[in-house]
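Read through the structure below, which is laid out as structure tokens, and then see the notes.
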Amino acid sequence: MIVSPTLHTAAIAALERAVNGALALSPHSRRELAALTGRVIAIDCTAPPFSVYLLPTASGELDLRGVHEGPVDTRVRGSGSAFAELAGSADPAATLVNGELSLEGNSAPLTELSRIVAGLDVDWEAPLVDTLGDVAGHQLAVALRGLFSFGRDAGRSLARQLDEFVHEEARLTPPRAELEDFYSDVQALGLAVDRLGARLERARARLARLGDD
Amino acid sequence: MKDRDTTHFGYREVDKDEKAGLVAGVFDSVASRYDLMNDLMSGGIHRLWKRFTIELSGVRPGHSVLDIAGGTGDLAAKFSRIVGETGQVILADINYAMLAVGRDKLVDHGLSENLEFVQADAQCLPFPDDSFDCITIAFGLRNVTDKDLALRAMLRVLKPGGRLLVLEFSKPKNPLLSKAYDAYSFSVLPVMGRLVAGDSDSYRYLAESIRVHPDQETLKAMMEDAGFARVEYHDMTGGVVALHRGVKA
Numbered sequence: 331m332i333v334s335p336t337l338h339t340a341a342i343a344a345l346e347r348a349v350n351g352a353l354a355l356s357p358h359s360r361r362e363l364a365a366l367t368g369r370v371i372a373i374d375c376t377a378p379p380f381s382v383y384l385l386p387t388a389s390g391e392l393d394l395r396g397v398h399e400g401p402v403d404t405r406v407r408g409s410g411s412a413f414a415e416l417a418g419s420a421d422p423a424a425t426l427v428n429g430e431l432s433l434e435g436n437s438a439p440l441t442e443l444s445r446i447v448a449g450l451d452v453d454w455e456a457p458l459v460d461t462l463g464d465v466a467g468h469q470l471a472v473a474l475r476g477l478f479s480f481g482r483d484a485g486r487s488l489a490r491q492l493d494e495f496v497h498e499e500a501r502l503t504p505p506r507a508e509l510e511d512f513y514s515d516v517q518a519l520g521l522a523v524d525r526l527g528a529r530l531e532r533a534r535a536r537l538a539r540l541g542d543d
Numbered sequence: 136m137k138d139r140d141t142t143h144f145g146y147r148e149v150d151k152d153e154k155a156g157l158v159a160g161v162f163d164s165v166a167s168r169y170d171l172m173n174d175l176m177s178g179g180i181h182r183l184w185k186r187f188t189i190e191l192s193g194v195r196p197g198h199s200v201l202d203i204a205g206g207t208g209d210l211a212a213k214f215s216r217i218v219g220e221t222g223q224v225i226l227a228d229i230n231y232a233m234l235a236v237g238r239d240k241l242v243d244h245g246l247s248e249n250l251e252f253v254q255a256d257a258q259c260l261p262f263p264d265d266s267f268d269c270i271t272i273a274f275g276l277r278n279v280t281d282k283d284l285a286l287r288a289m290l291r292v293l294k295p296g297g298r299l300l301v302l303e304f305s306k307p308k309n310p311l312l313s314k315a316y317d318a319y320s321f322s323v324l325p326v327m328g329r330l331v332a333g334d335s336d337s338y339r340y341l342a343e344s345i346r347v348h349p350d351q352e353t354l355k356a357m358m359e360d361a362g363f364a365r366v367e368y369h370d371m372t373g374g375v376v377a378l379h380r381g382v383k384a
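Protein chains in written order, with our numbering: chain L, 331 to 543; chain C, 136 to 384.
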């Protein structure tokens, strides 16, 4: 452990509180998480250096620990940005395979956990009703749900339109498919040049042998 | 003329037979406000120290755990959840008032099925040999009259491979921190004790007892002398507190 045990434990305790606070408002995610009871997932972040063990509990919470000396089902190692990419990925399994994370053990609990986190659907109504009463709480929850739903849809739409404008209208950068074709052509050209170089080398060697004869 | 068998009670030297009664007086006086005072004195950091202790304990479902000087049951409550229905946790304390506060708190939290409460002296533990997978003693060892005797008793009741974790105040490594800590302990703590628990003497004893408690390396050597293997310690909050861990070979 590089950081002091007190700071490391404080960070993990705060993270655990935040995660379980969000889970408490998402009963569906808690039920799914409870199915992972007994699994241990180790996250080793190399930059910034930080390790944490995730232990789902039977009550659908997530126990976070800085030290775990028992067996580990899944261990993932990588930089903070690589973990952020996994957390925000629409296809966690593909990101795990193609990304910059190294994986030891069984990947299934990790992809399942990532799917649960990505699908976290927070129900704002219960705490609002508890605090504001049935009528006002329900009205505010409906308004918030609408706002979040609008924000999510608007965000997706904006991203799609921006993508289209940048690639197709303004031609600021080539589309992903074109770029991949270009990289593929460059790779093929590189291989062809290597082959040509090898042939030239062989021809030069043969000429040198003929000259000696 | 120094043939009396004496020990420390804070900065005072008292007869060994006298210390347990004096310590009992301290804890009888503070038991009802113990948790509140811990939060105030440490700014809540004692929860992080205890959390780290639990992480290092390696306790798993089905284990048997003895929490000595368990007081108001912070560690026992966590262990009770970890060991589950197949495990067992014994909360032991020499002081009846502390044990009663701890028992009431844990029962109020719905934790009692795998918990037992035992009034016991750490020096002569009333349990068979090789009984526990893990023993913890948090902020209790410095109050024990004969620490060597207590460590040997803990070793006896641990199962082979079992772990002892001693969480205790220790010696800060940084001289600046050490000075600030001294000023806080001897000026602020007794005032806080008087205002919140109505007892400044007990909190003066707390500060004094910490200063006469063995430092990190001395306690490590004591645990090794008692027969523990693979003894190591982790300083926390600059060495204000240290967590020692040893294994019964």
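Heads up, the beta-carbon is just placed ideally off N, CA and C, and yes, glycines get one too. Just so it is clear, the structure is predicted and the values come from calculations on it, not from any experiment.
Any chain C beta carbon closer than 9 Å to valine 349 of chain L: no
Neighbouring residues, chain L, relative to methionine 371 of chain C (Cβ below 8 Å): Ser334, Pro335 and Thr336
In terms of DSSP beta bridges, what is cysteine 375 of chain L paired with? L:Phe380 and L:Gly408
Compare the Cα-Cα distances from isoleucine 272 of chain C to each of C:His379, C:Asp150, C:Thr142 and C:Ala159 and report the closest residue. C:His379
Per-residue contacts from phenylalanine 274 of chain C into chain L (C-beta, under 7 Å): Residues of chain L passing the Cβ test: none, with the nearest at roughly 15 Å.
Candidates L:Leu450, L:Arg369 and L:Leu426, of which the one nearest leucine 355 of chain L by Cα: L:Leu450
Find the nearest neighbour of methionine 357 of chain C within the set C:Ser337, C:Tyr338, C:Met289 and C:Gly328, judged by alpha-carbon distance. C:Met289
With distances taken from CA atoms, which of C:Gly145, C:Leu201 and C:Arg291 is nearest asparagine 278 of chain C? C:Gly145
Would you say glycine 435 of chain L lies against chain A (beta-carbon separation less than 9 Å)? Here the protein chains are L and C, and chain A is not one of them.
Note down, one range per segment and in chain order, each alpha helix (DSSP H) of at least 4 residues found wholly within the region 445-533 of chain L. 455-462 and 464-494
In whole angstroms, give me the CA-to-CA distance for lysine 137 of chain C and valine 347 of chain C. Confidence at lysine 137 of chain C is low in this model, with a pLDDT of 49, below 50, so its placement is unreliable and the value that follows should be read with caution. So the two alpha carbons sit approximately 20 Å from each other.
List the residues of chain C whose Cβ lies closer than 8 Å to the Cβ of arginine 395 of chain L, in chain order. Glu190
Can you confirm whether glycine 418 of chain L, when its beta carbon is compared against all beta carbons of chain C, has any partner nearer than 9 Å? no
Establish whether the CB of glycine 400 of chain L and some CB of chain C are separated by less than 9 Å. yes
Please state whether DSSP places histidine 181 of chain C in a helix, a strand or coil. helix
Using only CA atoms, which one of L:Ala388, L:Gln517 and L:Gly418 lies nearest to alanine 364 of chain L? L:Ala388
Nearest-angstrom Cα distance between lysine 151 of chain C and alanine 414 of chain L? 59 Å
Straight-line Cα distance separating leucine 433 of chain L from aspartate 360 of chain C: 43 Å
In three-state DSSP terms, what is phenylalanine 413 of chain L? helix
Residues near leucine 324 of chain C by beta carbon distance below 7 Å, same chain, minus five either side: Met176, Tyr338, Leu341 and Ala342
Proximity of glycine 275 of chain C and glycine 205 of chain C at Cβ, strictly below 9 Å: yes
So, with DSSP's three-state summary, where would you put histidine 358 of chain L? helix
With H, G and I counted as helix, E and B as strand and the rest as coil, what does DSSP make of phenylalanine 274 of chain C? coil
Could one say the Cβ of isoleucine 180 of chain C lies closer than 9 Å to chain L's Cβ atoms, at least one of them? yes
By the 10 Å Cβ neighbour count, where 16 or more other Cβ atoms means buried, how is arginine 186 of chain C classified, buried or exposed? buried
Under 6 Å Cβ to Cβ from alanine 364 of chain C, same chain only, skipping five residues before and after it: list those, please. Val382 and Ala384
Would you mind giving the Cβ-Cβ distance between leucine 241 of chain C and alanine 285 of chain C, rounded to the nearest angstrom? I have them listed as a contact below 8 Å. Actually they are not in contact, since the Cβ atoms of leucine 241 of chain C and alanine 285 of chain C sit about 24 Å apart, beyond 8 Å.
Glycine 193 of chain C: contacting residues in chain L (beta-carbon distance under 9 Å): Val397, His398, Glu399 and Gly400
So for tyrosine 104 of chain C, helix, strand or coil by DSSP? Missing from the structure shown is residue 104 of chain C; chain C here goes from 136 to 384 and no further.
Straight-line Cα distance separating phenylalanine 495 of chain L from glycine 485 of chain L: 15 Å
Listing by chain order, which chain L residues have their CB less than 7 Å from the CB of arginine 186 of chain C? Thr339 and Ala343
Run the CB neighbour count on tyrosine 513 of chain L, radius 10 Å, all protein chains shown included, and call it buried at 16 or more, exposed below. exposed
Can you find a CB in chain L that lies within less than 9 Å of the CB of leucine 378 of chain C? yes
Residue range of the beta strand (DSSP E) that leucine 201 of chain C falls in? 199-203
Given that a residue counts as buried once 16 or more other Cβ atoms are within 10 Å of its Cβ, and exposed if not, what is glycine 237 of chain C? buried
Would you report the Cα separation of glycine 373 of chain C and proline 307 of chain C, rounded to the nearest angstrom? 6 Å
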